[in-house]
Amino acid sequence: MADGLTLEIVEGPGAGRQIALARAVVLGRAPDADLRLEDGEVSRHHARVTPAADGSAVVEDLGSANGTFVNHNELLGPARLDPGDELLLGVTVIQVRSRQQVAAQPSAIRAVPPGLATAPREPSYVNPEVVRAEAESASAGVATPQLDKYLDVRVRRRAQLAPLALFVLVALALMIYFATR
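Everything in the sequence shown is counted per our numbering, starting at 130 for the first residue and increasing by one.
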């Protein structure tokens, strides 16, 4: 059994998190996923990694939108994973590690190269007075009617009416076309 294998996020959101591979593990954004990934490019149930009897593991894509990659190769069916192999789901890189690798190096997180690392800073494109005014109005419970048009309920209603509007437009265009012939 591959109970000596561990999956560790080495790059991307949640870097450093590990999970032992004692049973089948579902990777994804869903709250019920065994290893929940905070990556917008990952599907709710993206992939499943199952331990194999020979000390390896098997990974399979669960119909994800952006695909699953093993060692930079796109996964087209179930594939074998050995210690040292890497999974790429969205922008998250997960490494398969053996018990010996974990004992020798507890974490395999890849540091951001100094040339690419930047200190966090406030955005310069936002007027601080506008941000402060919005924060005060939000804390005071003041509604912003100009943003009501972006509420999900209203957008959904408009989206549901879009096919009907398109049908009426096409019908009107056909009537005008045949009336002028």
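In this text, a Cβ means the ideal position worked out from N, Cα and C, and glycines have one as well.
- In this structure, DSSP gives residue 171 a state outside helix and strand, which the three-state scheme calls coil.
- In the DSSP assignment, no residue is bridged to residue 145.
- Counting C-beta pairs with one atom in each stretch, the region 179-188 and the region 150-159 have three or more that are closer than 8 Å, which means they touch.
- Inter-residue distance for residue 248 and residue 242 is about 13 Å (C-alpha atoms, whole angstroms).
- Spanning the alpha carbons of residue 165 and residue 217 requires a straight line of approximately 14 Å.
- Annotation for residue 175: 156, 157, 191, 193, 197 and 218 place their beta carbon closer than 7 Å to its own, counting only its chain and skipping 5 residues before and after.
- Counting along the chain, residue 231 sits inside the alpha helix (DSSP H) bounded by residues 228-233.
- Using a C-beta cut-off of 8 Å, the region 201-211 makes no contact with the region 230-244, since fewer than three inter-stretch Cβ pairs fall below that distance.
- Residue 190 has 176 as its beta-bridge partners, per DSSP.
- Shown here, residue 295 sits in a helix according to DSSP, grouped into three states.
- Each residue's CA atom was taken as its position, placing residue 221 and residue 184 some 24 Å apart.
- Residue 208 carries a strand assignment under DSSP once its states are collapsed to helix, strand and coil.
- Residue 301 sits in a helix when the DSSP states are folded into three classes.
- Partner residues in the beta bridge of residue 157, as assigned by DSSP, are 165.
- Contact between residue 224 and residue 137 holds: their C-beta atoms lie close to 5 Å from each other, under 8 Å.
- In the three-state scheme derived from DSSP, where H, G and I count as helix and E and B as strand, residue 255 is classed as coil.
- Between residue 195 and residue 215, the C-beta spacing is not below 8 Å.
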